[in-house]
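Q: Take this structure first; my questions come after.
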Amino acid sequence: MKSRSLIALGATLLVSFFFILSLFNGPKSVGRDLHIFLFYAGLYLALIPPITISVALFSEERRNQTLELLYLSGISSGELFVGKLLSGILNASSDLLAICPFLTIPFLTGGVSLDLYLATLACFPTLLIFIVTAGLLASVLCTDDGSALFGAVLLVACVALAPVLPFWLGKILAGSPPFSTTWLCLSPASVPYLVATNFANATPAMFWKAAIATWGWSLLFLGLAAWLLKRNWKQELEKSGDRGWRGLWEGFVNGSASWRRELRADLMDANPFHWLAQRDRRPVMAAWGLLVGLSLIWLLGWWAWPHLWPSTMNFYLTAFVMILSVNTISVYAAARRLGNDRHDGALELLLTTPLREGQIVDGQIAAIKAQFKPVRFTTLGLCILMMIGGFLTRSWTSNAIISYLLIWGLFIAWCLHGSQRSVPTAMWIALNSGRPTFAFFRLRTNLWGWVALIVNGRSMSRAFTSLGYQFPTGSVTELVVVCFGTVIIFISIAAIQLSPSAQHEFLVREMRSIAQEPVPEPNDPRFKKWDVRQRLPPAA
50 MKSRSLIALG ATLLVSFFFI LSLFNGPKSV GRDLHIFLFY AGLYLALIPP ITISVALFSE
110 ERRNQTLELL YLSGISSGEL FVGKLLSGIL NASSDLLAIC PFLTIPFLTG GVSLDLYLAT
170 LACFPTLLIF IVTAGLLASV LCTDDGSALF GAVLLVACVA LAPVLPFWLG KILAGSPPFS
230 TTWLCLSPAS VPYLVATNFA NATPAMFWKA AIATWGWSLL FLGLAAWLLK RNWKQELEKS
290 GDRGWRGLWE GFVNGSASWR RELRADLMDA NPFHWLAQRD RRPVMAAWGL LVGLSLIWLL
350 GWWAWPHLWP STMNFYLTAF VMILSVNTIS VYAAARRLGN DRHDGALELL LTTPLREGQI
410 VDGQIAAIKA QFKPVRFTTL GLCILMMIGG FLTRSWTSNA IISYLLIWGL FIAWCLHGSQ
470 RSVPTAMWIA LNSGRPTFAF FRLRTNLWGW VALIVNGRSM SRAFTSLGYQ FPTGSVTELV
530 VVCFGTVIIF ISIAAIQLSP SAQHEFLVRE MRSIAQEPVP EPNDPRFKKW DVRQRLPPAA
């Protein structure tokens, strides 16, 4: 209720401000600008709150193993599914409803056409239902809301970009798209894009086609989620051994029985928590899957445009995404174990055993290093292959070769040491908050890389133009800038690696006392001004 009131108040102030401007510039031009502001505000409310709400609908029940209790109480899977779905939609739409009445004002002032006004009204519920169903499907598949959030984001990104990327790359590389613009209606991203650009030289009919396709995706996700929930409804209660393809999949993801026995023999006596943390292979398997997926996408682009696809900037961009993906998952994996144990109370139980705080911290860090070492070296090997491939795409001068190798040196250093200092900090934030996903977003180290990638997406399209083949040009100015920047970055990396980690000491010293405190609520006001390098202030 409070958030809805604040949103309505903010929209009222915004409309009042534009009303004053209309006295000087005319209502039509001001109405167009007001529509843009209200649309982007509504777009945020239709995307971000729904996905954070929907990913927790079933994942929390699965992680706490309360689905079995609901089954024993007599509730059917259909009743539970419909109830969760409706509650998720109502909670996700509460803030959005506060801004919807103000969308009429730009239309009444003549700033937008009737077609654009109706498209705007249809855009928000279409996107909200699509996001809720995607989050619901991820919530049914995953056992914690952090994994469900990443899964939902990946699912939405794949569905939204699958038609757009080939179309966009075809226009840039070959000068013409590989298929008609009508196929872009299959992408849910077309719905907000057409509204934001006033149909972008298209017709309102194309928007309604895209909206219908998006509703189709929503129904598909909804059907899959309902089928999976019904299939797994009594799975945890009636486990009788994994058989068939499911047993093979469980063995592949979690490791075979022989592998787990060998791991226990190697690590249990030295550090039991190291063994416990390294048994969980789901984050590292996600990293492998993402690495394989990115490689397949790159090979698919090479197959589609064999002479236009490979370029030095393309190799740089691919390496950037690969390394950033591996670092992101490794940092989240470190926060996941400690955050979940704190949230469930398992950490407090662990500290009643002879296990010491230092063993827990060192065991988690050692497990992350051991698990992600093969992934990092595979990424390193792919970077070396791309570096060699870049030499085959063009002719070179000595200055260009030096700049080219220096930039690859930065990528290699980032690949090998990029997230080592972020791991203890992520663990520290997760220990204080009991929320692994919050720890990742509050750390922001890898988050800024993704933000830069999204914000500069249009600029990065130059990697697929003639500029992508010409860089590095080999000019003296370019060589000086690259050398200077490389030296500064390498000095910064060395200084960070050699300086002691304060978060490691804080983890060991404060873990026991933090574990004894109640887990903060997600909306705890202490999080707003919290310096994550320090301990969370005590509750008032």
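The sequence shown begins at 50 in the working numbering and counts up one residue at a time. Built from N, CA and C at the ideal position, the CB exists for glycine as well.
Quick one: grab the DSSP three-state call for Ile69.
A: Start at 1 with the first residue of the sequence shown, and residue 69 comes out as number 20. In the structure shown, Ile69 sits in a helix (DSSP, three-state: H, G or I).
Q: Is it true that the CB of Thr446 sits closer than 8 Å to the CB of Met371?
A: Against the sequence shown, residue 371 aligns to sequence position 322. Against the sequence shown, residue 446 aligns to sequence position 397. No.
Q: In angstroms, rounded to a whole number, what distance separates the CA positions of Ser289 and Trp308?
A: Along the sequence shown, read from residue 1 onward, the residue named residue 289 stands at position 240. Along the sequence shown, read from residue 1 onward, the residue named residue 308 stands at position 259. Because Ser289 carries a pLDDT of 48, less than 50, the predicted location of this residue cannot be relied on, and the following value inherits that uncertainty. So the alpha carbons of these two residues sit roughly 21 Å apart.
Q: Would you kindly report the start and end of the unbroken alpha helix (DSSP H) that includes Pro321?
A: One-based indexing of the sequence shown puts residue 321 at position 272. Its alpha helix (DSSP H) spans residues 321-328.
Q: Count the other CB atoms within 10 Å of the CB of Met435; is the residue buried (16 or more) or exposed (fewer)?
A: Against the sequence shown, residue 435 aligns to sequence position 386. Answer is buried; the Cβ neighbour count reaches 16.
Q: Here's the rule: buried if 16 or more other CB atoms are within 10 angstroms of the residue's CB, otherwise exposed. What is Asn250?
A: For the purposes of this step, residue 250 is taken as the residue at position 201 of the sequence shown. The residue in question, Asn250, is exposed, as its Cβ has fewer than 16 Cβ neighbours within 10 Å.
Q: Pick from Val104, Leu218, Lys258, Trp276: whose alpha carbon is nearest that of Trp352?
A: Stepping through the sequence shown from its first residue, residue 352 is reached at position 303. The shortest C-alpha separation from Trp352 is found at Leu218.
Q: Quick test of your reading: Ala326 and Ala384, contact by CB under 8 Å. State the CB separation rounded to the nearest angstrom.
A: By 1-based counting over the sequence shown, the position of residue 326 is 277. By 1-based counting over the sequence shown, the position of residue 384 is 335. Their Cβ separation, rounded to whole angstroms, is 12 Å, which puts Ala326 and Ala384 out of contact at 8 Å.
Q: Could you work out which residue in Pro587, Phe173, Leu129 is closest to Ala238 when comparing CA atoms only?
A: For the purposes of this step, residue 238 is taken as residue 189 along the sequence shown, with counting starting at 1. Cα-wise, what sits closest to Ala238 is Phe173.
Q: How would you label Asp193, buried or exposed, when you count the other beta carbons within 10 angstroms and need 16 or more for buried?
A: What you label residue 193 is simply residue 144 of the sequence shown in a count that begins at 1. Buried, since its Cβ has 16 or more Cβ neighbours within 10 Å.
Q: Closer than 7 Å by C-beta to Asn481: which residues in its own chain qualify, once you throw out the five before and the five after it? Chain order, please.
A: Position 432 of the sequence shown holds residue 481. Excluding residues within five positions, the ones whose Cβ falls inside 7 Å are Ile563, Arg584, Leu585.
Q: Quick one: what's got a C-beta closer than 6 Å to Ala168's C-beta in the same chain, skipping five residues either side?
A: Here the question's residue 168 lines up with position 119 in the sequence shown. Answer for Ala168: Val244, Phe256, listed in chain order.
Q: Taking DSSP as the reference, what is the three-state secondary structure of Thr192?
A: As a first step, residue 192 must be located in the sequence shown, where it is residue number 143. In this structure, Thr192 counts as coil in the three-state DSSP scheme.
Q: By Cβ distance, which residues of its chain are closer than 6 Å to Trp463, with the 5 residues on each side in sequence left out?
A: Position 414 of the sequence shown holds residue 463. Cβ neighbours of Trp463 beyond the five flanking positions: Ile372.
Q: Select from Gly132, Gln519, Ala141, Asp411 the residue whose C-alpha is nearest the C-alpha of Pro473.
A: Reading the sequence shown from its first residue, position 424 is the one you call residue 473. The residue with the shortest Cα to Cα distance from Pro473 is Asp411.
Q: Where Leu286 and Arg280 are concerned, what is the direct C-alpha to C-alpha distance, given to the nearest angstrom?
A: Within the sequence shown, numbered from 1, the residue matching residue 286 stands at position 237. Within the sequence shown, numbered from 1, the residue matching residue 280 stands at position 231. Below a pLDDT of 50, predicted positions are generally treated as unreliable, and Leu286, at 48, falls in that range; the measurement from the model is reported next regardless. Using only the alpha carbons, I get a separation of about 12 Å.
Q: Which complete alpha helix (DSSP H) runs does the stretch 324-407 hold, if anything under 4 residues is left out?
A: Whole alpha helix (DSSP H) segments, 4+ residues: 331-353, 361-393, 395-399.
Q: When the distance is taken between beta carbons, is Val205 closer than 8 Å to Ile178?
A: As a first step, residue 178 must be located in the sequence shown, where it is residue number 129. As a first step, residue 205 must be located in the sequence shown, where it is residue number 156. No, the pair does not count as a contact, with Cβ atoms beyond the cut-off.
Q: Out of Leu129, Leu398, Leu400, Thr486, which one is the CA nearest neighbour of Gly388?
A: Here residue 388 refers to the residue found at position 339 when the sequence shown is read from its first residue. Taking only the C-alpha atoms, the option nearest Gly388 is Thr486.
Q: Evaluate Gln565 with the Cβ neighbour count: other Cβ atoms within 10 Å of its Cβ, from every protein chain shown; 16 or more gives buried, anything less gives exposed.
A: Position 516 of the sequence shown holds residue 565. Gln565 should be labelled exposed.
Q: Can you tell me which of the three DSSP states Gln552 falls into?
A: Locating residue 552 in the sequence shown gives position 503, counting from the first residue. Reduced to three states, the DSSP call for Gln552 is helix.
Q: If you count every other CB in all the chains shown that lies within 10 Å of the CB of Arg391, and 16 or more means buried, which is it?
A: In the sequence shown, counting from the first residue as 1, residue 391 sits at position 342. Counting Cβ neighbours within 10 Å, Arg391 comes out buried, since at least 16 surround it.
Q: With burial defined as no fewer than 16 other Cβ atoms inside 10 Å of the residue's Cβ, what is the status of Phe533: buried or exposed?
A: The residue you call residue 533 lines up with position 484 of the sequence shown. The residue is exposed, with fewer than 16 neighbouring Cβ atoms inside 10 Å.
Q: What's the call for Ala588, buried or exposed, on a 16-neighbour Cβ count within 10 Å?
A: Here residue 588 corresponds to residue number 539 of the sequence shown, with the count starting at 1. Exposed is the call here.
Q: I'd like the list of long-range same chain contacts for Leu210, defined as Cβ closer than 8 Å, with 5 residues on each side in sequence excluded.
A: Numbered from its first residue, the sequence shown carries residue 210 at position 161. Closer than 8 Å at Cβ, skipping near neighbours: Ser236, Ala238.
Q: May I have the straight-line CA-CA distance separating Glu397 from Ala551, to the nearest angstrom?
A: Sequence index remark: in the sequence shown, residue 397 carries index 348 (1-based). Sequence index remark: in the sequence shown, residue 551 carries index 502 (1-based). Spanning the two alpha carbons is a distance of roughly 23 Å.
Q: Under three-state DSSP, which class holds Asn448?
A: Residue numbering aside, residue 448 sits at position 399 when the sequence shown is read from its first letter. Helix.
Q: Taking a contact to mean a Cβ-Cβ separation below 8 Å, would you say Pro569 touches Arg575 in this structure?
A: The residue labelled residue 569 in the question sits at position 520 within the sequence shown. The residue labelled residue 575 in the question sits at position 526 within the sequence shown. Result yes, Cβ atoms of Pro569 and Arg575 sit closer than 8 Å.
Q: Determine the extent of the alpha helix (DSSP H) in which Phe151 is found, giving its start and end residues.
A: Numbered from 1 along the sequence shown, position 102 holds the residue referred to as residue 151. That residue, Phe151, is in no alpha helix (DSSP H); it is neither H nor E in DSSP.
Q: Pull up the CB-CB distance for Pro106 and Ser188, whole angstroms please, since I reckon it's below 8 Å.
A: The sequence position of residue 106 within the sequence shown is 57, counting from 1. The sequence position of residue 188 within the sequence shown is 139, counting from 1. Sequence inspection shows Leu at residue 106; the Pro mentioned does not correspond to that position. Indeed they touch by this definition, with Cβ atoms about 5 Å apart.
Q: Only counting the same chain, and skipping five residues up and downstream in sequence, which positions put a Cβ closer than 7 Å to that of Ser593?
A: Residue 593 lies beyond the range of the chain shown here (50 to 589); nothing can be said about it.
Q: Starting from Val244, trace the alpha helix (DSSP H) in both directions and tell me its first and last residue.
A: Your numbering for residue 244 matches position 195 in the sequence shown. Counting along the chain, the alpha helix (DSSP H) containing Val244 begins and ends at 239-245.
Q: The alpha helix (DSSP H) that contains Gly272, what's its start and end?
A: Here the question's residue 272 lines up with position 223 in the sequence shown. Segment 253-280, the alpha helix (DSSP H) holding Gly272.
Q: Throw me the rounded Cβ distance for the Trp232 and Pro212 pair, which I believe falls under 8 Å.
A: Locating residue 232 in the sequence shown gives position 183, where the first residue counts as 1. Locating residue 212 in the sequence shown gives position 163, where the first residue counts as 1. Right, their Cβ atoms sit about 6 Å apart.
Q: In its own chain, which residues sit with a C-beta less than 7 Å from the C-beta of Trp337, not counting the 5 before and 5 after it?
A: Translated into positions along the sequence shown, residue 337 becomes position 288. Hits under 7 Å: Val424.
Q: Would you say the beta carbon of Gly438 is closer than 7 Å to some non-hydrogen atom of the ligand SAM?
A: By its list of ligands, the structure shown contains no ligand whatsoever, and the ligand SAM lies outside what it can speak to.
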